[in-house]
Amino acid sequence: MDFFQWHWWAAAALLMMIAEIFLPGFFLFCIGIGCIAASITAGLGFGAAGQLLAFSAFALLAFFTVRPLLMKRFWSKDHVRTNADALAGQHGRVSQDFDPGLRLGRVQVGGDDWRAECLTDAPLRMGDLVEVVRVESNTLIVKPLTNR
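My numbering runs 9 ahead of the 1-based position in the sequence shown.
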């Protein structure tokens, strides 16, 4: 089976589109658009110079037109916090008394029981309300709100 030049360009375009899945930023997507243009140019019978010109022109055109549109659409600054990041700012209830010397205890937040460390030396007892300040590894850093 003979491979023509347009096959190589089409294969390169396909590889660029697949690689874009693993390296987001739409840079490889723009290179892939250039490869598609070069593949079409090669299929029409143009030589290497015409193929490289089509590749360069369409890749640059995509980089300066398509990429900004895609970046604006898919990379917005208003991202949704998930997993442990979503716990910051939530309120919870103490499920195991805190040891005042160590400031360690357990807190129930969002239906899950977490190991917690208090920012203050205030004694926290079962049922006390706390607010999650941040998450460090598998430990919630909390501060007391009000008692019961």
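Cβ coordinates follow ideal geometry from the N, Cα and C atoms, glycine included.
W18 and L37 have their C-alpha atoms roughly 14 Å apart. Per the coordinates, the alpha-carbon of I42 lies some 38 Å from the alpha-carbon of A95. In terms of Cα proximity to A68, the closest of G52, S48, S104 is S48.
Judged by their CB atoms, V118 and G101 are nearer to each other than the 8 Å cut-off. One alpha carbon belongs to P132, the other to D108, and they sit about 7 Å apart.
The straight-line gap separating the alpha-carbon atoms of T74 and L32 is approximately 20 Å. In the displayed model, L61 falls within a helix according to three-state DSSP. Cβ-Cβ separation between G114 and V103: approximately 6 Å, consistent with a contact (criterion under 8 Å). The DSSP-derived three-state label of F55 is coil. Around the beta carbon of L78, fewer than 16 other beta carbons sit within 10 angstroms, so the residue counts as exposed. The continuous beta strand (DSSP E) containing Q105 extends over residues 100-108. By the C-beta density criterion, W84 is exposed, having fewer than 16 other C-beta atoms within 10 angstroms. Counting along the chain, A19 sits inside the alpha helix (DSSP H) bounded by residues 14-31.
In the displayed model, A71 falls within a helix according to three-state DSSP.
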